[in-house]
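Trainee: For the sequence shown, counting from 1, position 77 maps to 354 in our numbering; every step adds exactly one. A virtual CB, placed ideally from N, CA and C, is assigned to each residue, including glycine.
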Amino acid sequence: MVFIKPTKSRAYFKRYQVKFRRRRAGKTDYRARIRLINQDKNKYGTPKYRFVVRFTNKDIITQIVSTSIVGDMILTSTYAHELPRYGLDVGLTNYSAAYCTGLLLARCVLKTLEMDEERPFRALLDVGLIRTTTGALKGALDGGLDIPHSDKRFARFKKENKQLDAGVHRKYVYGGHVVAYMMTLIEDEPEKY
């Protein structure tokens with residue numbers, strides 16, 4: 278069988294539609310964004326808040342954002358590079374730092390809005406185009422925000438009795454799983470350590 282190179286005619290290029298700039302750059306998933314910001318018609322004018330989590334190579338950014346016609350409005354934001362002020366000096370992009378950043382954001386939002394009751398502020402999780410991580414989500418939940426989620430996402434969730442083992446999760450927050458890995462490295466492969 279002979280290989281025939283497909284040629285694209287003038288009609289193809291006439292009808293070609295370029296994708297949005299931020300989609301081409303790999304920054305925005307517009308399908309997910311529309312689902313996050315669409316508000317019910319009977320709640321006209323009420324802001325819908327998103328809990329935005331972004332990971333960079335050296336930092337973790339968490340924000341509470343609402344959308345308006347003019348653009349996105351940021352209510353509060355916290356960064357992992359603020360954590361050394363609170364005693365966490367190293368590993369600013371790991372699970373523990375994500376948890377602490379989410380916790381710090383939750384406390385800042387509730388303090389800013391002066392809300393004291395149980396889970397008074399509702400926001401939707403927006404992780405963007407990265408693989409979903411749950412450190413910042415768990416921190417924000419423990420800080421007092423109301424974010425729709427499933428407990429199955431968290432470390433050591435037991436399917437049999439449908440409960441989260443808080444002791445094991447505490448170990449993850451304090452970096453116990455990293456310590457255990459380092460101990461096995463010291464014993465088994467000291468040259469890697």
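Does the Cβ of ALA443 have 16 or more other Cβ atoms within 10 Å, making it buried, or fewer, making it exposed?
Mentor: The residue in question, ALA443, is exposed, as its Cβ has fewer than 16 Cβ neighbours within 10 Å.
Trainee: Of the residues ASN319, TYR363, LEU369, which one's Cα is nearest the Cα of LYS335?
Mentor: Minimum Cα distance to LYS335 is reached at LEU369.
Trainee: Based on DSSP bridge pairs, tell me the residues matched to ASP423.
Mentor: DSSP, once it has assigned bridges, lists ARG399 as partnering ASP423.
Trainee: Report buried or exposed for ARG287, applying the criterion of at least 16 other Cβ atoms within 10 angstroms of its Cβ.
Mentor: The residue is exposed, with fewer than 16 neighbouring Cβ atoms inside 10 Å.
Trainee: Output the distance between the C-alpha atoms of THR339 and ASN371, rounded to the nearest integer angstrom.
Mentor: Taking the straight line joining both Cα atoms gives about 14 Å.
Trainee: Taking the alpha-carbon positions, what's the ARG301 to VAL329 distance?
Mentor: Between ARG301 and VAL329, the C-alpha separation is close to 21 Å.
Trainee: What is the residue span of the beta strand (DSSP E) that ARG327 lies within?
Mentor: Where ARG327 is concerned, the enclosing beta strand (DSSP E) stretches over 326-332.
Trainee: I think LEU382 touches THR409, with their Cβ atoms under 8 Å apart; what is that distance to the nearest whole Å?
Mentor: Not a contact, Cβ separation roughly 17 Å.
Trainee: Can you tell me which of the three DSSP states TYR449 falls into?
Mentor: Correct three-state label for TYR449: helix.
Trainee: Under the assumption that VAL456 contacts SER373 (Cβ atoms under 8 Å), give the Cβ distance between them as a whole number of angstroms.
Mentor: Their Cβ separation, rounded to whole angstroms, is 11 Å, which puts VAL456 and SER373 out of contact at 8 Å.
Trainee: Looking at LEU360 and THR378, is the spacing between their C-beta atoms short of 8 Å?
Mentor: Yes.
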